[in-house]
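Numbering (the UniProt record's numbering), first residue to last: 1 to 571.
Data block below; observations after.
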DNA sequence: ACTTAATTAG
């Protein structure tokens, strides 16, 4: 659209002779209606500003033309000019329901939840009655508590069965984790729309109830890509990465719908979790060959994460270098990638290269991990300080975890212990395990035992800590200590979670538990295991049975190590 | 004229 004609004193004749605006020109419209028509055609903020200027030039009093006023508000809001669109609202003498609703929607969408409620209250104070549009807008700003209050208003006005409103309610209850209320609203809907079903699937998935989610998903006749994405991501984010991959494969076998950016991001996350490099690579190639799916910053970040976690750092770096419009999340992923591969200096160097982006708490987790892995004590301590002082980021428990691991590995055990005791927050089992592990590593059994006894005394225990404590006792041959820990475990009914190892072969992920005999090639696997064992023993391998927690004879301990899940997977 | 579901980093 041309830029200057709108600023001319009369209405832009040129505009009205083009084909696009011919319909408007055929009628003798009031300038306000013509301008409203132009707003609908506008594609940039500049055009909106010019139209606004034309409105002022024509001395059009906006609140006398509610439709024009509303369209202008919407146009500003849709281009992210929130202040401008709200200014329009506040200049309007008595806003009608449409403008109220649009304004509530604008602030809600932009996260100004308090503002949304102020507007809603102002609406209620006028004699205007909110409608279904208003509620689907205000619900976006509701917590579960305020959602319940709004729910009563909805019921009072008889709008509870409107599909938009009901979906909004399901969404509010889903965010608050109130599945029961969400189900109630959902079940009462006269007909389940695709969107409301998808909202309900999201609710189930977020609760980790993937079975209910899947049942609902399977019951949908016409599934769109959003419902597939919700289901795949639901699996991926709640401990079922294999199911996520399988479902993605199922999607590929159906002709519709086509995967999009979000589908591949969710699936790549599943690949990262199980180290499925081949599947991840396949998806990368699929994206490159697809004309629909763009390698945008989010897709690239998922690829960086996948390649890093699947052990291919070079490919992660290569994707990072080709990532367009890198945001802090992309930088964080690459920093963490370097950190987990032990390239500490590269991680720190990358941090120095970030320009014009505010680092987040996660940036510092990556950096501190890099320092911990590389034994860069001075740098790590300085980093921890600058996080608080320079960047104003409050350390979370995870940051302390990195710090303790950093000091612990460097043998600065006393200092690490002091930091834990002086932390503002309660140390978690990860931190204690890390420090105990360091005590064992550096042979400081006095401090190690002191901590172990403190933990047992304080009842800060779980299977993770028991394992480390017992290992600590075992390494100094304190079998009384080991026995004490064991009986405590029994007494409290703590069971060590069975370890599972997975390995990817020819695009299929195989799972193994210790002593597993479920696998189809079980016989061959055990035969291979026997050969490997002979080989390593002939090279002087002696099994270290100290870490075996079960109460077994030495030979049995060896046997239990022999069929360790990782060994099975490798065989 | 105003309205509904999904995304990455530890």
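Virtual Cβ for every residue (Gly too), placed ideally from N, Cα, C.
Boundaries (first-last residue) of the alpha helix (DSSP H) holding residue i
i, result
"residue 409", "397–409"
"residue 65", "It is not in any alpha helix (DSSP H) - residue 65 carries neither H nor E in the DSSP assignment."
"residue 480", "479–491"
"residue 437", "429–441"
"residue 46", "45–57"
"residue 369", "361–374"
"residue 96", "That residue, residue 96, is in no alpha helix (DSSP H); it is neither H nor E in DSSP."
"residue 41", "31–41"
"residue 377", "377–389"
"residue 187", "179–188"
"residue 329", "328–340"
Three-way DSSP call (helix, strand, coil) for residue i in this model
i, result
"residue 511", "strand"
"residue 356", "coil"
"residue 310", "coil"
"residue 157", "coil"
"residue 240", "coil"
"residue 222", "coil"
"residue 193", "coil"
"residue 276", "coil"
"residue 581", "Only positions 1 to 571 of the chain appear in the structure, and residue 581 is not among them; the question remains open."
"residue 21", "Caution applies to residue 21, whose pLDDT of 46 falls short of 50 and renders its modelled position unreliable; the model cannot decide the point."
"residue 110", "coil"
"residue 120", "helix"
"residue 323", "coil"
"residue 534", "helix"
"residue 80", "coil"
"residue 455", "helix"
"residue 142", "coil"
"residue 90", "helix"
"residue 249", "helix"
"residue 563", "coil"
"residue 200", "helix"
"residue 70", "helix"
"residue 292", "coil"
"residue 446", "helix"
Reference residue i, options the options, closest by Cα
i, options, result
"residue 334", "178, 363, 259, 179", "363"
"residue 34", "234, 55, 298", "55"
"residue 374", "348, 355, 274", "348"
"residue 91", "97, 69, 112", "69"
"residue 344", "458, 199, 406", "406"
"residue 167", "410, 140, 149", "140"
"residue 234", "267, 222, 252, 253", "267"
"residue 178", "164, 157, 147, 165", "147"
"residue 208", "191, 239, 199, 197", "239"
"residue 292", "356, 262, 63", "262"
"residue 188", "85, 162, 317, 134", "162"
"residue 420", "48, 95, 451", "451"
"residue 434", "401, 447, 411", "401"
"residue 255", "477, 302, 222", "222"
"residue 454", "471, 441, 436", "436"
"residue 71", "86, 115, 231", "86"
"residue 307", "481, 298, 319", "319"
Where residue i falls, given that 16 or more other Cβ within 10 Å makes a residue buried
i, result
"residue 249", "exposed"
"residue 46", "exposed"
"residue 527", "exposed"
"residue 369", "buried"
"residue 22", "In this predicted model, residue 22 has a pLDDT of only 45, less than 50, meaning its place in the structure is not dependable; the value taken from the coordinates is given anyway. That one is exposed."
"residue 120", "buried"
"residue 280", "buried"
"residue 541", "exposed"
"residue 152", "exposed"
"residue 483", "exposed"
"residue 517", "exposed"
"residue 94", "exposed"
"residue 288", "exposed"
"residue 172", "buried"
"residue 305", "buried"
"residue 346", "buried"
"residue 358", "exposed"
"residue 530", "exposed"
"residue 103", "buried"
"residue 126", "exposed"
"residue 259", "buried"
"residue 342", "exposed"
"residue 458", "exposed"
Any non-hydrogen atom of the ligand PLP within 7 Å of residue i CB
i, result
"residue 262", "This structure simply doesn't include the ligand PLP, nor any ligand for that matter."
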